[in-house]
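To start, the structure under review is shown below, and the notes come after it.
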Amino acid sequence: MIPFEMIDEDLRIARRRARRRDELAKRRTAIAGLVREAQRRLNAIAVRDQEAVVAQEARLQAYTMALDTVERELAELGPAEELYEELLVREERRLIESADPRGSELLEIGRLLAELDVELPASVRARESGLALLRRAADQDALADFAQQVAALGMTAPDPRTPGAVDILVDRLEERCRKLEHLRDKLRTRRERLLHTHRRA
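Here the sequence shown is numbered in full-length UniProt numbering, starting from 1 and rising by one per residue.
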């Protein structure tokens, strides 16, 4: 049998790697945006303005190098989040099967997270559909599809065909997504705490 201390240490290392990967992924997104913006500005600069071209090219090169550095570190970390989740699932199963009193809480957290895995993406899709309606002239089919998505979420809402209703619904969906994301993060944190500290409790 693998010593508990070794399993705990594996979890701690995996968690650090997963969090580092998450930080790097966010940084990559931000830097990629800077690269696109620098490229756009470079394309917009008149060729005759050589000083501005040189400055913008230097900026673009710096952003590109920073992006390459982040990409390399991400590649070195590999599937850190997946490995961490695999360890958590293994430890969760061990705790539940050991008849530990916290097993029932872990089961309930698992049930709620499974529901959120369905409800949150559905809410995000409905929000995106609403935002798409706001960006363009909506046809009746698009409105009907949006209304169906909102109804499937069990939301009491005005008819999307009513003037201003789509704006109201998008605002409500934004708030709903924020609350669901907050709940998901809270449940994940509680689950991690149970799995990381149960032996010392």
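Beta carbons are placed, not taken as given, at the ideal position from N, Cα and C, and that holds for glycine.
Does the beta carbon of residue i fall short of 6 Å from some heavy atom of the ligand SAH?
i: His196; result: As for the ligand SAH, it is missing from this structure, which has no ligand bound.
With burial defined as no fewer than 16 other Cβ atoms inside 10 Å of the residue's Cβ, what is the status of residue i: buried or exposed?
i: Leu131; result: exposed
i: Val89; result: exposed
i: Gln149; result: buried
i: Gln140; result: exposed
i: Val118; result: exposed
i: Arg48; result: exposed
i: Arg127; result: buried
i: Leu134; result: exposed
i: Pro3; result: Confidence in Pro3 is poor, its pLDDT being 43 and thus under 50, which makes the residue's placement unreliable; the coordinate value appears in the next sentence. With fewer than 16 Cβ atoms within 10 Å of its Cβ, Pro3 is classed as exposed.
i: Ala80; result: buried
i: Arg172; result: buried
i: Arg98; result: In the sequence as presented, Arg is not what sits at residue 98; that position holds Ser. Exposed is the call here.
In terms of residue numbering, what span does the alpha helix (DSSP H) encompassing residue i cover?
i: Thr69; result: 50 to 77
i: Gly130; result: 103 to 135
i: Asp141; result: 140 to 152
i: Ile96; result: 80 to 97
To the nearest angstrom, how far is the alpha carbon of residue i from that of residue j?
i: Leu180; j: Leu116; result: 7 Å
i: Ile31; j: Ile96; result: 42 Å
i: Arg36; j: Leu187; result: 36 Å
i: Leu194; j: Gly103; result: 9 Å
i: Ala25; j: Leu74; result: 8 Å
i: Arg12; j: Arg176; result: 32 Å
i: Glu92; j: Arg19; result: 19 Å
i: Pro101; j: Met65; result: 51 Å
i: Leu169; j: Arg136; result: 16 Å
i: Leu67; j: Gly110; result: 36 Å
i: Arg191; j: Leu113; result: 10 Å
i: Met1; j: Ala14; result: No answer about Met1 holds up, because its pLDDT of 40 lies below 50 and its placement is not dependable.
What distance in whole Å lies between the Cβ atoms of residue j and residue i, which are believed to be in contact at a cut-off of 8 Å?
i: Leu120; j: Arg184; result: 6 Å
i: Leu143; j: Arg161; result: 6 Å
i: Arg27; j: Glu71; result: That pair is no contact at about 10 Å.
i: Leu34; j: Glu57; result: About 14 Å separates the two Cβ atoms, so there is no contact after all.
i: Ala147; j: Ala122; result: So it is not a contact: roughly 14 Å between Cβ atoms.
With a threshold of 7 Å between beta-carbons, can residue i be considered close to chain D, or not?
i: Gly130; result: Protein chains in the displayed structure number just one, and chain D is not present.
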